[in-house]
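Enquirer:
In full-length UniProt numbering, the protein residues as written are 1 to 619.
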């Protein structure tokens, strides 16, 4: 019947864009539609007749009767919460009359929820399963706890919330764990902690222990149903006892950057003990998984990531509770929790970065390794037989580089998150080391982008990126402290050793020299290609005096179609000048005179001078 999901989804959808008043209006419409479906809606201007109590036979006939009771309960609950929200800003707090109105609405919601439990408890008639009955009982206990919370009757309130917590914890083991966990962390656990605080219960007692102690063992049927799902929930030992961690053996102090703080919250203490235990198991698991694939090694980090996330959630919850109580930031308890918050968040982000480093491959993805298309052989003898691996195509190489680039981006974002933690920016040593780690991963990112450019043929871009990667690696080496890197653990985290930086610097130096040579050769080829292109544009007829080294281009023998062009020839004025050149010893036959008779030569009269311009003057 999915009672819990029906309630939670309805609340989430209404509260996403509105408040409890909006939720109340939506429930009124949905309740009217449900009554119309069942044929029990009051007609217009008709007299209201209160229907009899919903029975198991009604539920067996139609599950809409279950929705009818749930909507009735939720409508009364939403009305109570909207009234409470409307008076939250009142300086004097809730008046007695307003509180009485809220309690009456919650009491109506609790009675409707109890009617649902009574109807579903007759399993043979209603057809309900064991989980349906448990969900109905948990929901009724939750509404009853809210009503008792407003009445300030703390011991029955704690018992009701304990029932809800134990049942929802058991149901989380069967499926839809996220749904029940959100309900526990956001609604039930804070209410249990506040009710226990009112009953003078120390904060060092964990919430599971409080709920287990307050759970009514007198309800034998409920105890039997819970034990059927998970007997360890109501056992004397806590669930953490499975790993050997109890409230007595949990650590009481936490050390962060040479500062030791007391852990006063039991949830944080148990979570931190789980983190320490997961660390030791991680180191052993990584040693065993050395020869496995990166994704298989990365799966080993899931446990410690879950443990650190639980520690972060417990710390945040403790801080929120102190703020709700009005504790100032200068209070020693708040100061200690802020240091704890920085420590547990740093631990969680550190292991996230370590998981990303495992997924990038050996040496943080620095070597150019893409894998192969050939599947692994079942035996090593088949591999030694000479089977040749096929290289990945260009497209798949680019895809692998893109995946690696996404991991580097995630690592850099995690490093930015560390810098935003309280107290990190003021710690010069830690901030300098984090900058060195950021430069290291930024260098690896530039190297991956350069390789993608080199694959597609942009060698100049690849050279520029590798040069930038080398600069970042040098900056990282200068900021990273010179110390021994023998940590004794092979599990990767945010700590980058100086050997890793030196290995990357050596690799980048070789890549830089290689790509410089590639770019130089590429430039020479482009120059030769341009010269050959210019030559190939001239027809062969005009280049008969040259030997074609690359062969004759038969498609470019002559220029076709022909175009007008200049033809080299002798200028015309040279021909004209030739007629006026006299060479010594050579006389024209037309101008030669016959030989004169011997005798005195007669004097020729002198020519008269011409007058005027151009010889046309008068005589």
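Cβ coordinates follow ideal geometry from the N, Cα and C atoms, glycine included.
CA-CA distance, residue 310 and residue 412?
Expert: Taking the straight line joining both Cα atoms gives about 23 Å.
Enquirer: Out of 3, 193, 283 and 567, point me to the one whose CA is closest to residue 321's CA.
Expert: It is 193.
Enquirer: From residue 13 to residue 74, what distance separates their C-alpha atoms?
Expert: Using only the alpha carbons, I get a separation of about 14 Å.
Enquirer: With a 10 Å radius around its C-beta and 16 neighbouring C-beta atoms as the bar for buried, classify residue 569 as buried or exposed.
Expert: Flag for residue 569 reads exposed.
Enquirer: By a C-beta neighbour count over all protein chains shown, 10 Å radius and 16 as the cutoff for buried, is residue 348 buried or exposed?
Expert: With 16 or more other Cβ atoms within 10 Å, it is buried.
Enquirer: Just the C-alpha distance for residue 146 and residue 334, rounded to the nearest angstrom, thanks.
Expert: Taking the straight line from one Cα to the other gives about 28 Å.
Enquirer: Check the DSSP bridge columns for residue 262 and list the partner residues they point to.
Expert: BP columns for residue 262 point to 253.
Enquirer: Skipping 5 residues on each side, what residues in its chain have a beta carbon closer than 6 Å to that of residue 405?
Expert: The residues are 448.
Enquirer: Cα-Cα, which of 123, 273 and 150 is closest to residue 106?
Expert: Nearest of 123, 273 and 150 to residue 106, Cα basis: 150.
Enquirer: Determine the DSSP secondary structure at residue 3, reduced to helix, strand or coil.
Expert: DSSP places residue 3 in helix when its eight states are reduced to three.
Enquirer: Assuming the contact rule is C-beta atoms closer than 8 Å, residue 77 and residue 162 should be a hit. Round their C-beta distance to whole Å, please.
Expert: Not confirmed; about 20 Å, so no contact.
Enquirer: So, helix, strand or coil for residue 14, using DSSP?
Expert: Helix.
Enquirer: Determine the DSSP secondary structure at residue 163, reduced to helix, strand or coil.
Expert: It is helical.
Enquirer: Given residue 426, which residues of its chain have a CB within under 8 Å of its CB, disregarding the five upstream and five downstream residues?
Expert: Closer than 8 Å at Cβ, skipping near neighbours: no residue.
Enquirer: Tell me the DSSP secondary structure of residue 431 in three-state form.
Expert: DSSP places residue 431 in helix when its eight states are reduced to three.
Enquirer: Using a 10 Å radius around the Cβ and a threshold of 16 neighbouring Cβ atoms, would you call residue 124 buried or exposed?
Expert: Per the 10 Å Cβ criterion, exposed.
Enquirer: Would you mind sorting residue 543 into buried or exposed? The rule is 16 or more other CB atoms within 10 Å of its CB.
Expert: Classification for residue 543: exposed.
Enquirer: Are there three or more Cβ pairs, one per stretch, closer than 8 Å when the segment 133-140 is compared with the segment 101-121?
Expert: Contact between the segment 133-140 and the segment 101-121 is present, because at least three Cβ pairs lie under 8 Å.
Enquirer: Of the choices 538, 340, 555 and 457, whose alpha-carbon is the least far from that of residue 267?
Expert: When each option's Cα is compared against that of residue 267, the closest is 340.
Enquirer: Is the Cβ-Cβ distance between residue 452 and residue 476 less than 8 Å?
Expert: Not closer than 8 Å, so no.
Enquirer: What are the boundary residues of the alpha helix (DSSP H) that includes residue 147?
Expert: Segment 130-151, the alpha helix (DSSP H) holding residue 147.
Enquirer: If we count the other Cβ atoms within 10 Å of its Cβ and call it buried at 16 or more, is residue 511 buried or exposed?
Expert: Buried, because 16 or more other Cβ atoms sit within 10 Å of the Cβ of residue 511.
Enquirer: Sort 369, 567 and 364 by Cα distance to residue 494 and report the nearest one.
Expert: The option with the nearest alpha carbon to residue 494 is 364.
Enquirer: Does at least one heavy atom of the ligand MN sit under 7 Å from the Cβ of residue 77?
Expert: The ligand MN is absent from the structure shown, which contains no ligands of any kind.
Enquirer: Run through DSSP, which three-state label would residue 441 get?
Expert: Of the three classes helix, strand and coil, the one that applies to residue 441 here is helix, per DSSP.
Enquirer: From which residue to which residue does the alpha helix (DSSP H) around residue 114 run?
Expert: Start and end: 96-121.
Enquirer: Excluding sequence positions up to five away, which residues of its chain have a Cβ less than 7 Å from the Cβ of residue 148?
Expert: Closer than 7 Å at Cβ, skipping near neighbours: 156, 157 and 160.
Enquirer: For residue 205, report the span of its alpha helix (DSSP H) as first-last.
Expert: No alpha helix (DSSP H) holds residue 205; DSSP gives it neither H nor E.
Enquirer: Identify, in the order they occur along the chain, each residue of the same chain with its Cβ nearer than 6 Å to the Cβ of residue 504, setting aside the five sequence neighbours on each side.
Expert: Contacts found: 366 and 473.
Enquirer: What is the DSSP secondary structure of residue 339, counted as helix, strand or coil?
Expert: Three-state result, residue 339: helix.
Enquirer: Measure from the alpha carbon of residue 555 to the alpha carbon of each residue in 20, 540 and 19, then state which is nearest.
Expert: The residue with the shortest Cα to Cα distance from residue 555 is 540.
Enquirer: Are three or more beta carbon pairs between the segment 211-227 and the segment 165-176 nearer than 8 Å?
Expert: Yes, the segment 211-227 is in contact with the segment 165-176.
Enquirer: Go through its chain and collect everything with a Cβ distance to residue 417's Cβ below 7 Å, but skip five positions before and after it.
Expert: Answer for residue 417: 349, listed in chain order.
Enquirer: Taking the alpha-carbon of residue 314 as reference, which of 577, 271, 401 and 102 has the nearest alpha-carbon?
Expert: Of the candidates 577, 271, 401 and 102, the one whose C-alpha sits nearest the C-alpha of residue 314 is 271.
Enquirer: Alpha carbon to alpha carbon, what distance is there between residue 519 and residue 185?
Expert: Computed Cα separation, rounded: 59 Å.
Enquirer: Could you check the C-alpha separation between residue 265 and residue 205 for me, to the nearest Å?
Expert: Looking at the two C-alpha atoms, the distance is approximately 8 Å.
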